[in-house]
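> I'd like to ask some things about the structure below.
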Amino acid sequence: MHRFYALYLHLSILYRFLSLYSYRDFAINIYEHAHQISPKIKVVVGPFVHAMPEFSTRNPGPGYDGTAEMIRWFNHWLKDNDDSDDILNEPDITLFVRTSLTTGTYRYESHWPIPQQQTRRMQFKKGRKLVEQALLKSPMSTAEKENNDIDIDVLQYQPWIGFEAGSWLGMLTGDQRPFDKDCLVYDSDPTQETIEIIGFVN
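Residues -20 to -1, 1 to 182 in mature numbering (1 follows the signal peptide of the UniProt record, and there is no 0) are what the sequence shown spells out, letter by letter.
What follows is the structure, given as structure tokens:
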């Protein structure tokens, strides 16, 4: 039996309807489990839809030239082009971080999971609140337990709500805030610090 090693360049998409189930974290999962045995894995996670990055022309931006990145990759590995050696010295992971409704920035990481990352676990609480798990561990009084069993958040089902979620093949959605009143939305208290959410919320 002969062992072979695969070189891997993956342009991963954040905005696609099927991404909810598999595609969004596929590239990161591959990297996390295979980067130690592969000569080189390069992952780009960006604000793309079901198309090459340069054809994802809607906000958020800036855009990303996926074709140029593929050419650099293939020039090195398929043509032995020394002019493309710099791709080996670049960080393995390129991540898009959204900074507002229409803009964002790319950051570069050499490891995944990111060494300085912190995991924050949140839970839903009645009253449409989102609170940190640690805050829920204090014992409840008898009255609170009774209210907790009775006072639950109720959503009246309206089948016509949700069609604004984007067109076929996962094109980007518009601003969903006008529909918050027709959904169960759980908000945390306002944060006093800048938080970057990198990775995928479970």
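For each residue, glycine too, the CB sits at the ideal point set by N, CA and C.
Look at tyrosine -13 and serine 18 and say whether their C-beta atoms are less than 8 Å apart.
yes
> Quick one: Cα of aspartate 60 to Cα of tryptophan 53, how far?
10 Å
> Look up aspartate 5 in the DSSP assignment and say whether it is helix, strand or coil.
coil
> My output table needs one value for methionine 32: the three-state DSSP class, helix, strand or coil.
Collapsing the DSSP output to three states places methionine 32 in coil.
> What's the gap between the Cα of serine -2 and the Cα of isoleucine 10?
In this predicted model, serine -2 has a pLDDT of only 47, less than 50, meaning its place in the structure is not dependable enough to derive any value.
> Classify proline 33 as buried or exposed, calling it buried when 16 or more other Cβ atoms lie within 10 Å of its own Cβ.
buried
> Expressed to the nearest angstrom, what Euclidean distance is found between the alpha-carbon atoms of lysine 20 and asparagine 69?
10 Å
> Helix, strand or coil: which one does DSSP assign to residue 197?
Because the chain in this structure spans residues -20 to 182, residue 197 falls outside the shown range and cannot be described.
> Whole angstroms are fine: how far does the CA of isoleucine 177 sit from the CA of glutamate 112?
Looking at the two C-alpha atoms, the distance is approximately 15 Å.
> Between which two residues does the beta strand (DSSP E) containing threonine 47 stretch?
Looking at the DSSP string, threonine 47 is not in any beta strand (DSSP E); the run it does join, the alpha helix (DSSP H), is 46 to 59.
> DSSP on glutamine 96, reduced to helix/strand/coil?
Correct three-state label for glutamine 96: coil.
> Alpha carbon to alpha carbon, what distance is there between asparagine 55 and glycine 142?
45 Å
> If we count the other Cβ atoms within 10 Å of its Cβ and call it buried at 16 or more, is glutamine 138 buried or exposed?
exposed
> By the three-class DSSP mapping on this structure, what secondary structure does serine -2 have?
Its pLDDT being 47, under 50, serine -2 is placed unreliably in this model, and the coordinates cannot settle the point.
> Where does leucine 81 land, buried or exposed, given buried means 16+ other C-beta within 10 angstroms?
exposed
> Flag glutamine 98 as yes if its beta-carbon sits less than 8 Å from any beta-carbon of chain B, otherwise no.
Looking for chain B here will not work: only one protein chain is present.
> Would you please state the rounded distance, in angstroms, between the beta carbons of proline 71 and glutamate 89? I believe it to be under 8 Å.
6 Å
> Thinking C-alpha only, which one of Asp167, Asp66, Ile(-8) is nearest leucine 110?
Asp167
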